[in-house]
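Undergrad: Let me give you the structure first, and then I'll get to my questions.
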Amino acid sequence: MAALRALLLPVRRALRPRPGCPARRPFASGAGFEYIISEKTGKGGSVGLIRLNRPKSLNALCDGLITELNQALDAFEVDPAVGAIVLTGGEKAFAAGADIKEMQSRTFQDCYSGTFLGHWDRLARVRKPIVAAVNGFALGGGCELAMMCDIIYAGEKAQFAQPEILLGTIPGAGGTQRLTRAVGKSLAMEMVLTGDRISAQDAKQAGLVSRIFPVETLVEEAVRCAEKIASNSKIITAMAKESVNAAFEMTLTEGNKLEKKLFYSTFATADRKEGMTAFVEKRKANFKDQ
Ligand code: CAA
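To convert a position in the sequence shown, counted from 1, into my numbering, add 384.
In structure tokens, the structure reads:
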């Protein structure tokens with residue numbers, strides 16, 4: 385009995401409620417999620433749609449929410465019907481950042497030994513394309529989460545910021561890195577050092593966002609984009625995503641080399657053959673993800 389109690393201790397500790405983030409259910413899945421809603425939509429269920437759903441806290445990203453998000457991403461990643469994913473929040477907030485109430489009493493030792501935020505980057509490692517549909521606030525970790533996605537669509541009233549400086553800290557989930565790569569040094573510095581918010585329009589002009597839509601149609605448009613992506617060959621899409629992402633990690637010469645290798649690799653697939661044959665035969669390609 386004592387041995388069993390000792391075995392269960394770490395599990396009990398992990399499930400203990402923290403301020404701001406109610407107790408996590410141990411094996412949340414599908415409709416059982418508490419902080420997100422995850423469903424399949426689009427033609428043939430080809431789009432995985434994840435909504436952050438903690439509206440009372442403006443979708444503050446507590447540990448339980450990130451854990452559920454990762455579970456939903458894992459499920460879509462291995463689902464052969466899903467070709468692309470849409471990540472969205474509510475109309476008022478995509479996400480207002482990491483949960484400050486949960487973070488407030490953390491110590492350096494807590495953060496360092498527990499690798500705080502270590503599980504946040506699952507989103508950035510998903511191989512299927514992800515479209516972020518951002519309405520309302522995308523602040524701090526919310527902005528960082530959107531930037532881990534491949535495409536950002538914004539609602540007209542969206543606002544982006546890295547306001548951590550106002551809390552006496554700095555972005556901790558890629559904000560200083562991804563934002564700088566997306567909008568350049570001057571605007572990134574201004575946002576990180578002042579905490580000021582930028583509008584959807586400014587975000588588009590700076591290259592952070594690719595398109596802006598009315599608030600009510602944003603998610604529909606993001607799903608439409610994801611559906612279009614999902615209608616292409618999944619294996620070729622994964623290669624295209626890998627190649628574009630390499631531009632952020634490699635020199636131009638290395639990146640071009642990788643692109644060429646992946647380009648040559650497409651010639652080993654049935655889908656490359658089908659795509660070109662369909663063009664020559666003046667018909668629509670029928671990709672088999674092979
Ligand atoms: N963490 C925890 N709770 C949050 C939150 C957050 N990041 N943002 C909002 N909330 C909660 C509020 O505490 C409030 O809860 P109560 O009703 O229990 O008081 C509820 O959400 C509604 O918020 P407000 O009453 O403040 O709503 P508002 O419309 O007046 O203001 C806001 C909205 C401007 C977004 C404001 O809530 C705000 O400034 N939030 C904090 C934004 C922020 O600093 N984000 C960065 C977090 S740090 C981070 O993300 C680190 C990292 O890099 C990972």
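Glycine included, C-beta positions come from ideal geometry on N, C-alpha and C.
#1: Can you find the residues in the same chain that come closer than 6 Å, C-beta to C-beta, to R435, ignoring five residues on each side of it along the sequence?
#2: Under a three-way DSSP split, which group does S413 fall into?
#3: Please classify I420: does DSSP put it in a helix, a strand, or coil?
#4: Report the partner residues of S583 according to the DSSP bridge assignment.
#5: Check this for me: beta carbons of F544 and A477, under 8 Å apart or not?
#6: Given that a residue counts as buried once 16 or more other Cβ atoms are within 10 Å of its Cβ, and exposed if not, what is Q585?
#7: Of all the beta strand (DSSP E) runs that stay within the bounds of the stretch 560-638, which reach a length of 3 or more residues?
#8: Can the beta-carbon of A654 be found less than 8 Å from the beta-carbon of Q674?
#9: Could you compute how far the alpha carbon of L550 sits from the alpha carbon of K641?
#10: Three Cβ pairs or more, each shorter than 8 Å: is that satisfied between the stretch 531-540 and the stretch 511-519?
#11: Which whole-angstrom value describes the C-beta separation of A557 and E528, a residue pair presumed to lie in contact below a C-beta threshold of 8 Å?
#12: Looking at the structure shown, is L382 part of a helix, part of a strand, or coil, going by DSSP?
#13: If A459 sits next to K512, beta carbons under 8 Å apart, how far is it from one beta carbon to the other, in whole angstroms?
#14: Can you give the Cα-Cα distance for L563 and V470, rounded to whole angstroms?
#15: Give the DSSP bridge partners of A456, in chain order.
#16: Would the beta-carbon of G429 be found less than 7 Å away from any heavy atom of ligand 1?
#17: With three or more beta-carbon pairs closer than 8 Å as the criterion, would you say the stretch 500-514 touches the stretch 616-628?
#18: Can you check DSSP and say which residues form a bridge with I536?
#19: Counting only the same chain and skipping the five closest in sequence on each side, list residues whose C-beta sits under 8 Å from that of K588.
#20: Judging by CA-CA distance, which residue of E461, S441, A456 is the nearest neighbour of E486?
#21: Could you have a look at R509 and say whether DSSP puts it in helix, strand or coil?
TA: The structure says:
#1: Taking the first residue of the sequence shown as 1, we reach residue 435 at position 51. For R435, where only same-chain residues beyond five positions count, the Cβ hits under 6 Å are I421, T472.
#2: Taking the first residue of the sequence shown as 1, we reach residue 413 at position 29. For S413, the pLDDT reaches just 41, beneath the cut-off of 50, and the residue's location in the model is therefore unreliable, although a value from the coordinates is still provided. Of the three classes helix, strand and coil, the one that applies to S413 here is coil, per DSSP.
#3: Residue mapping note: residue 420 aligns to position 36 of the sequence shown, counting from 1. Three-state result, I420: strand.
#4: Residue mapping note: residue 583 aligns to position 199 of the sequence shown, counting from 1. Answer is Q543.
#5: The count along the sequence shown starts at 1 and reaches residue 544 at position 160. The count along the sequence shown starts at 1 and reaches residue 477 at position 93. It is not a contact, given that the beta carbons lie outside the stated cut-off.
#6: Locating residue 585 in the sequence shown gives position 201, where the first residue counts as 1. Looking at its Cβ environment, which holds fewer than 16 other Cβ atoms inside 10 Å, Q585 is exposed.
#7: 595-597
#8: Translated into the one-based positions of the sequence shown, residue 654 becomes position 270. Translated into the one-based positions of the sequence shown, residue 674 becomes position 290. Contact flag set, yes.
#9: For this step, residue 550 is matched to residue 166 along the sequence shown. For this step, residue 641 is matched to residue 257 along the sequence shown. L550 and K641: Cα-Cα distance of roughly 43 Å.
#10: yes
#11: The sequence position of residue 557 within the sequence shown is 173, counting from 1. The sequence position of residue 528 within the sequence shown is 144, counting from 1. 4 Å between Cβ atoms; contact.
#12: Absent from the model: residue 382. The displayed extent of the chain is 385 to 674, so no value can be given.
#13: Translated into positions along the sequence shown, residue 459 becomes position 75. Translated into positions along the sequence shown, residue 512 becomes position 128. Rounded, the Cβ-Cβ distance is 11 Å, inconsistent with contact.
#14: Here residue 563 is taken as the residue at index 179 of the sequence shown, counted from 1. Here residue 470 is taken as the residue at index 86 of the sequence shown, counted from 1. Rounded to the nearest angstrom, the two C-alpha atoms are 20 Å apart.
#15: Here residue 456 is taken as the residue at index 72 of the sequence shown, counted from 1. Answer by DSSP bridge pairing: none, since A456 is not bridged.
#16: If you number the sequence shown from 1, residue 429 lands on position 45. False, no ligand heavy atom lies under 7 Å from that Cβ.
#17: yes
#18: The residue you call residue 536 lines up with position 152 of the sequence shown. Answer is A516, bridged to I536.
#19: Translated into the one-based positions of the sequence shown, residue 588 becomes position 204. These residues qualify, in order along the chain: A538, S594, R595, I596.
#20: Start at 1 with the first residue of the sequence shown, and residue 486 comes out as number 102. With distances taken between Cα atoms, E486 lies closest to S441.
#21: Taking the first residue of the sequence shown as 1, we reach residue 509 at position 125. Correct three-state label for R509: helix.
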